[in-house]
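I have placed the structure first, in the form of structure tokens, so that the comments after it can refer back to it.
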Amino acid sequence: MSLNTAHANGGVLIHAGECILLFCDHITIEFHGQDQPEFKGSKHGRLYLTTHRMIFNAKESRDKMQSFSFPFVTLRDVELQQPVFGVNYIKGKVRAQPNGNWIGEAKFKIMFKNGGAIDFGQAMLKAAHMASRGGSPSDAPPPYAPPMGPWYAAPPPAYAPSPAGYYGWVPPTHAFPDAPPANSVYMTDMPPPYPGINAYNGYVTASAPPPPGAVGFTQSPAGAPSSADAKAAEAAQSAYYDPNQPQCAYVPPPAYYESPPTYQAATTKKGQ
-19 MSLNTAHANG
-9 GVLIHAGECI
1 LLFCDHITIE
11 FHGQDQPEFK
21 GSKHGRLYLT
31 THRMIFNAKE
41 SRDKMQSFSF
51 PFVTLRDVEL
61 QQPVFGVNYI
71 KGKVRAQPNG
81 NWIGEAKFKI
91 MFKNGGAIDF
101 GQAMLKAAHM
111 ASRGGSPSDA
121 PPPYAPPMGP
131 WYAAPPPAYA
141 PSPAGYYGWV
151 PPTHAFPDAP
161 PANSVYMTDM
171 PPPYPGINAY
181 NGYVTASAPP
191 PPGAVGFTQS
201 PAGAPSSADA
211 KAAEAAQSAY
221 YDPNQPQCAY
231 VPPPAYYESP
241 PTYQAATTKK
251 GQ
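Residue 252 is where the sequence shown ends in this note's numbering, and the numbering goes up by one at each step.
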């Protein structure tokens, strides 16, 4: 996780190929276990769920914490809480990335003024599970690397999830129908430095073959095309081409038939 690295020009700053799955305004977030002034007090603003992380952007320009990035690989002990009295909320722990402007670990609590904590939390748990395939929850977060180069307005696919979903899962946009405001999503040319749920981090060069072990692409016996490969070919038919980046194309990731976890399954601790 990195501090004050995911905002630009009054909006959110994402990596090349990263896609916003859900957007929620009017949330409150609190941190505990850190003495840095950036973590003090309740913070109000917007929350984004992307293919690689959660991102908080502060509402107040005077807040010492303007943005906070929660890569899935840095999250631990995430739970969805439904108190008898009070609003539902998401709580958990987040570990710092090396060079991410803070060190150690912090507890967080996210409250949703207009509701939707359970829908957002379940979607986040599902995305985190999909992104963690091939890794271990105990793996240390990778070092944070600041963007090298300018940022610019993100292309249209970054504003909304793929209509076809991700590996058979469709984010609950019915619970969060609002899109980020126009001219508020910015992108760098750097790919995400941590794993996400979409193949190739979203952007691939037209001549590049799928990387070994790429998520969503599997080898079939005797060279037969797998269902994932077929879905990838179908997705390529609706690829987004950015004339400002002729060497790249946005390719929606292939579908994978797996249902999202139930609330009980997502919140039940191991051993219970």
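Beta carbons: idealized from backbone N, C-alpha and C, even for Gly.
For Asn37, the closest of Asn(-16), Pro151, Asp169 by C-alpha to C-alpha distance is Asn(-16). With distances taken between CA atoms, Leu(-7) lies nearest to Arg26 out of Arg26, Asp15, Ile90, Gln14. Comparing alpha carbon positions, the residue from Gly176, Lys44, Ala138, Phe3 closest to Gly101 is Phe3. Counted as a single uninterrupted DSSP element, the alpha helix (DSSP H) harbouring Gln102 occupies residues 97 to 111. Around the beta-carbon of Val74, 16 or more other beta-carbon atoms lie within 10 Å, marking it buried. It is roughly 28 Å from the alpha-carbon of Glu59 to the alpha-carbon of Gly(-3).
Taking Ser(-18) as the centre and dropping the five residues before and after it, the same chain places the C-beta of Ser49, Gln77, Gly80, Asn81, Tyr124 closer than 7 Å to its C-beta, in chain order.
The residues Arg26, in chain order, have a CB closer than 6 Å to that of Asp5 in the same chain once the five nearest residues on each side in sequence are set aside. Under DSSP, Trp131 forms a beta bridge with Thr168. Taking one beta carbon from each stretch, the segment 55 to 70 and the segment 91 to 99 have 3 or more pairs nearer than 8 Å; the two touch. Pro143 is the residue among Pro143, Gly(-10), Ile83, Pro51 whose C-alpha sits nearest the C-alpha of His154. Rounded to the nearest whole angstrom, the C-alpha separation of Glu85 and Ala97 is 23 Å. Taking Ser164 as the centre and dropping the five residues before and after it, the same chain places the C-beta of Gly(-9) closer than 6 Å to its C-beta, in chain order. Here DSSP, grouped into helix, strand and coil, assigns Val64 to coil. With contacts defined as CB atoms closer than 8 Å, Phe11 and Arg33 fail to qualify as a contacting pair. Nearest in C-alpha terms to Asp158, of all of Leu1, Asn(-11), Tyr147, is Leu1. The continuous beta strand (DSSP E) containing Phe50 extends over residues 47 to 51. Of all alpha-carbon atoms in Pro161, Thr30, Asp57, Ala162, the one lying nearest the alpha-carbon of Lys87 is that of Asp57. With respect to Ala111, Ile177 sits close: the two C-beta atoms are nearer than 8 Å. Looking from the CA of Leu105, the closest CA among Asn(-11), Ala162, Pro172, Thr31 belongs to Thr31. Between Glu18 and Lys39, the CB-CB gap reaches or exceeds 8 Å. Here Gln46 is buried: its Cβ has 16 or more other Cβ atoms, across all protein chains shown, within 10 Å.
Put simply, the backbone Cα of His(-13) is about 15 Å away from that of Tyr139. Per the coordinates, the alpha-carbon of Thr8 lies some 13 Å from the alpha-carbon of Lys20. Going by beta carbons, Ala103 and Pro151 fall inside the 8 Å limit.
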